[in-house]
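Numbering (our numbering), first residue to last: 46 to 316. All C-beta atoms, glycine included, are put in the ideal place defined by N, C-alpha and C. To start, the structure under review is shown below, and the notes come after it.
Set out below in structure tokens:
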């Protein structure tokens, strides 16, 4: 209830939390709190070379699509996965990994192939697959798609209603082609989600959990939000902060802080 009271209209959910109670019940809980489900995160991680691991990933993504439909999310965010040389996110490269396991181009091609497997299944269930480009710091272990332009190229063979893209400020703020890519996403009807948080320094040893509150770091939210607005985006704005220090704070405090930052740094540039 605290989120709705602070002015929130929707919430993006993560699969691990949804699975704790089941997708249908999770959807009911969210709606009972006066909110809608804007998206479900995450599917993806389908860059494996090994056929068995690839099949496991595709099957898991089908389950994720089912969960998105059951929870009432029209969109499933995809973190596509890193290089096969990486055995697990955050770990060092496999000592016996050769060139095929380090081939970025081939890994991106496998993203396209597995996306093609999933699109018909998602279409039948009314779920749009949404590609998330990730900052290059995560290219090795989480996301071989680093720019919005790359994500749009991968999405191009599919209908805009089937595959979209997300603009996550943390991942794409540095991209010299960002303005043009956001405009392209809007023109193609693929701008499916807008996520905000800030790039703060120093980065933590665990770089995944180094995000900051909007306004605490280096990202130009006024400019990027304006580009998103001009591209025709009118959907939910999700604040997504990976930071264990923030997670440890009282929930109501965080909800109010996020709402205040949104009102100051994002909302004025959506109008």
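Distance between residue 265 and residue 218, taken at the CA atoms: about 8 Å. Distance check between residue 80 and each of 128, 212, 294, 50 places 50 closest, using alpha-carbon atoms only.
Counting every other CB atom within 10 Å of its CB across the protein chains shown gives residue 256 a total of 16 or more, marking it as buried. Under the DSSP assignment, residue 158 falls outside any beta strand (DSSP E), being part of the alpha helix (DSSP H) whose first and last residues are 149-169. The beta carbon of residue 164 is closer than 7 Å to those of 174, 203, 207, 208 in its chain, skipping five residues each way along the sequence. Residue 277 counts as exposed, since fewer than 16 other beta carbons sit within 10 angstroms of its beta carbon. The region 101-121 makes contact with the region 165-184, as at least three CB pairs between them are under 8 Å. Here residue 272 is buried: its Cβ has 16 or more other Cβ atoms, across all protein chains shown, within 10 Å.
Fully enclosed alpha helix (DSSP H) runs of no fewer than 4 residues occupy 214-217, 223-232 of the region 194-272, in order along the chain. For residue 279, the three-state secondary structure derived from DSSP is coil. For the pair residue 146 and residue 260, the Cα-to-Cα distance works out to about 38 Å.
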